[in-house]
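Colleague:
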Amino acid sequence: MNTPDPAPVHPAWLPPEAFRAIGGRRTLVCGEGLLVQTVYDEVAQACARYGGTVTRQRVGAGTGGRAGASGGPYDLVLALGTGGPLPAGAAEVVAEAAGPGPDADGDELGPEGFALVRRHGVTVVLADEPAGLLYGLFEVVRLGAAAFGADRPARRHRPAMRLRLVSHWDNVDVHPRMGQVERGYAGGSIFWRDGAPRHDAERVRGYARLLAACGFNAMTVNNVNVHGTATRLLTDRLDDVAEIAELVRPYGIRVHLSVNFAAPVALGELPTADPLDGDVRAWWAKAARRLHETIPDLGGFMVKADSEGQPGPYRYGRSHADGANMLADALAPYGGVVHWRAFVYNHHQDWRDRSVDRARAAYDHFTPFDGQFRENVILQVKHGPMDFQVREPVSPVLAAMPRTRLAVEVQATQEYTGQQRHVCYLGPSWSEVLRFAPWGEDGPTVASVVAGTTGHGAPTPSTGGDLPAPAGGGIVVVSNVGDDHYWTGHPLAQANLYAVGRLGWAPDLDPVAVLDEWIELTFTPSATGDPELLRGTLHALLDDSWHTYERYTAPLGVGFMVRPNTHYGPDVDGYEYSRWGTYHFADRDGVGVDRTRATGTGFTGQYPQPWADRYESLERCPDELLLFFHHVPYQHVLQSGSTVIQHIYDSHFAGAEEVAGMARRWAGIAGSGLVDPALHARVTERLAEQLRSAEEWRDKINTYFLRKSGVPDAHDRPIY
Ligand code: GCW
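If you count the sequence shown from 1, position 304 lands on 297 in my numbering, and the numbers rise without skipping.
1) For the ligand GCW, is there a heavy atom less than 7 Å away from the beta-carbon of S424?
2) Does the count of Cβ pairs from the stretch 377 to 396 and the stretch 429 to 446 closer than 8 Å reach three?
3) Looking at the secondary structure, which residues open and close the alpha helix (DSSP H) in which N489 lies?
4) Quick one: which unbroken beta strand (DSSP E) runs of 3-plus residues sit fully inside the stretch 318 to 359? Chain order, please.
5) Classify T696: buried if its beta carbon has 16 or more other beta carbons within 10 angstroms, exposed otherwise.
6) State the Cα-Cα distance for the pair S300 and N558, rounded to the nearest angstrom.
7) Heavy atom of the ligand GCW less than 7 Å from the Cβ of S300, yes or no?
8) Below 7 Å CB to CB, which residues in the same chain sit around V443 once its five sequence neighbours on both sides are set aside?
9) Determine the extent of the alpha helix (DSSP H) in which R657 is found, giving its start and end residues.
10) Return helix, strand or coil for Q50, following the three-state DSSP convention.
11) Can you tell me whether Q602 is helix, strand or coil according to DSSP?
12) Between which two residues does the alpha helix (DSSP H) harbouring F596 extend?
13) Just confirm the distance between the C-beta atoms of G329 and A281, as a whole number of angstroms; I'd bet it's less than 8 Å.
14) By DSSP's criteria, K375 is part of a beta bridge. Which residues make up the other side?
15) Can you tell me whether DSSP reads P146 as helix, strand or coil?
16) For K279, does the count of other Cβ atoms within 10 angstroms reach 16, so buried, or fall short, so exposed?
17) Suppose you measure from the CA of V416 to the CA of L619; what does that come to, to the nearest Å?
18) I'd like to check one pair, H640 with L549: are the Cβ atoms closer than 8 Å?
19) Is there at least one non-hydrogen atom of the ligand GCW closer than 7 Å to the beta-carbon of F381?
20) Buried or exposed, going by whether 16 or more other CB atoms sit within 10 Å of the CB of R612?
21) Mind checking P711: buried by the 16 CB within 10 Å criterion, or exposed?
22) Taking the alpha-carbon of Y608 as reference, which of H192, E122, S388 and L680 has the nearest alpha-carbon?
23) State the DSSP-derived secondary structure class of V115, mapped to helix, strand or coil.
24) Rounding to the nearest angstrom, what Cα-Cα distance links L28 and P243 in this structure?
25) Is the Cβ-Cβ distance between I371 and H332 less than 8 Å?
26) Using three-state DSSP, classify A138 as helix, strand or coil.
27) At a cut-off of 7 Å, would you count N216 as near the ligand GCW, judging by its Cβ distance to the nearest heavy atom?
28) Going along the chain, which unbroken runs of the alpha helix (DSSP H) with 4 or more residues stay wholly within the stretch 246 to 297?
29) Drop a sphere of 10 angstroms on the beta-carbon of Y409, count the other beta-carbons inside from all chains shown, and report buried for 16 or more, exposed for fewer.
30) Please list, in chain order, all residues of the same chain as K693 whose beta carbon is under 6 Å from its beta carbon, the five residues on each side excluded.
31) Under the assumption that F141 contacts A14 (Cβ atoms under 8 Å), give the Cβ distance between them as a whole number of angstroms.
32) Report buried or exposed for D582, applying the criterion of at least 16 other Cβ atoms within 10 angstroms of its Cβ.
33) Here's the rule I'm using: 16 or more other beta-carbon atoms within 10 Å means buried, otherwise exposed. How should G208 be labelled?
34) Please determine whether the Cβ atom of R176 lies at a distance below 7 Å from any heavy atom of the ligand GCW.
35) Can you give the Cα-Cα distance for A314 and K375, rounded to whole angstroms?
36) Taking 7 Å as the cut-off, is the beta-carbon of E408 closer than that to any non-hydrogen atom of the ligand GCW?
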């Protein structure tokens, strides 16, 4: 049953060496609470390895304050603001940390924020609540020796988004087609095996620690497609969820549960799951009560309803608002939230019916209900209107529901971006999504929409008024983790999980700088040899890898030229005549989807200005999205000056060539001692597959379009 992995799990971005700077010093930890204990334990573990000391100062029993400040001196003080008197030296620095920092806007630190300052040889992290202290500790880890160098002015850190959730598509039972983890490319589930919990406490705890270290605070433990045993996690298998919640709680991670909307029926307890039926409402209220008795800090539910065959309120003639609100009411007494997914579309489409456009679906289904969802409903919107393609415009839903809490959903599991066999660092893509300004350059960004801060000063443009922003729904990322030794199959795919956590905390971070943090934590401390060579090599492989992937796969935003079902490798017409609504409409004259208001599906009209007009315009639509919005002749001239057909040839040759370069670069550090040989070998093997696949993509795509268009490559390269 429970067969632990014989090889220890890879430490990812928390190798022991990352704690060297802390572990060799004198630390004082002040305060009470489970997460403060975690902070203490982390420091104590580091000290045991590197010879430093750690002192714990608790609030003194019966004194109403601390039982006297412990001696010192200290190099590092991690203190809760509520903790009472501090040792001499540290006290003044704390006072400074508590004062407004240069970037402070007068707000409280909040439940997860912290202030960091260094003065007079003492580094101080001050937080109002225990979670802030934990995040502060990991900030010190990130800084390493620099945390103990020159003075640092007091700076407050607060997460931009309140909810930063990892969504696991882990099945409890093995699904006949999707396996143990749906769209999982890193082995089995870390939670479940063959219908039962794995009880792999060490791995789950280690995972929570990694999540906290990059900024997450929540996770779901089961797939949004809820079937079989998974339905019963809500009822008689609740203890399995409680066990996981217990393991991750010390790291500030709250568990949420994906639920089957028709659970009362699926479990044979009621004849209907109609959300307006009194018995159904009572059933969910009781389920929620039991859940919270067992797991008092359960975050809430995630629901995929009326989507790809999952049950939902439509079956009963009810709306998504009816369905979501019913669950929200059940959770409200316990402070829980419902993540209701907006991924709803007709998956029985006829390609000949040009009036239907999958890109329009989420907006058409959900915007009529803006303002009708309860405050504890979060509408969870995929970042693009289709489905995690390498390039999509930002979903217009994110700019169209000013009275609804919205979360943006991104996908770390590389379903459409090389399945963790290809290097594809998605930080830059997510950063573009979060920085996208739907109302134009000076307006709010997607990050501010999901952070719930659009109402602070900025107009809420879609109503034209100054509506207060609803609380944000934050960021949801589909996990790329499994029971693989490296967590993510491809060791370099760890960077994606790290980056999305950091971007949820601070969406303005430069994704390349985030990558640098990840490199520094993961590789540099244990590398022998020239760390700059290692850093340069990793940046060369990863920085632009998303664009590289884009170059050798589907062109100019058209998407979906993948093999059906597996979604790996090229099959240009694989989905062209199927029911999924994902078409490119290539013929002998041209390619692309006309989504204009003038002559197409009208999707461009779902955007506010300036984007509604910019996307509508053939001349002004950004090149990289041209075929998403327009059907054009092959000889259409892009803004880049190239024709569409020549761009297809050039980008595919370039993309495959870049992968060859990546493989050469990686081979260059073989045997250098800069990375563990087993890790080097794993990446080498994956790069070989990436190169094979990139060449296959290049040849299939180029041949297809040469054949369709009859236009030769201007450089007369071999196309086969
Ligand atoms: O991208 C698609 C995947 C499905 C997935 C679905 C979703 C969990 O192919 O496997 O189902 O999205 O997001 O619900």
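Using N, Cα and C, we set each Cβ at its ideal position, and we do this for glycine too.
The structure displayed is predicted, hence computed values, not measured ones.
Modeller: A quick look at the data gives this:
1) no
2) yes
3) Q487 to W498
4) 330 to 334
5) exposed
6) 17 Å
7) yes
8) M154, L399, A400, V401, G465, G466, G467 and I468
9) V637 to A660
10) strand
11) coil
12) Per DSSP, F596 belongs to no alpha helix (DSSP H) and is neither H nor E.
13) 7 Å
14) E402
15) strand
16) exposed
17) 25 Å
18) yes
19) yes
20) With the sequence shown as reference, residue 612 is identified as Glu, and Arg is not the correct amino acid for it. So E612 ends up on the exposed side.
21) exposed
22) S388
23) strand
24) 5 Å
25) yes
26) helix
27) yes
28) 256 to 259 and 271 to 287
29) buried
30) P563
31) 6 Å
32) exposed
33) buried
34) yes
35) 18 Å
36) yes
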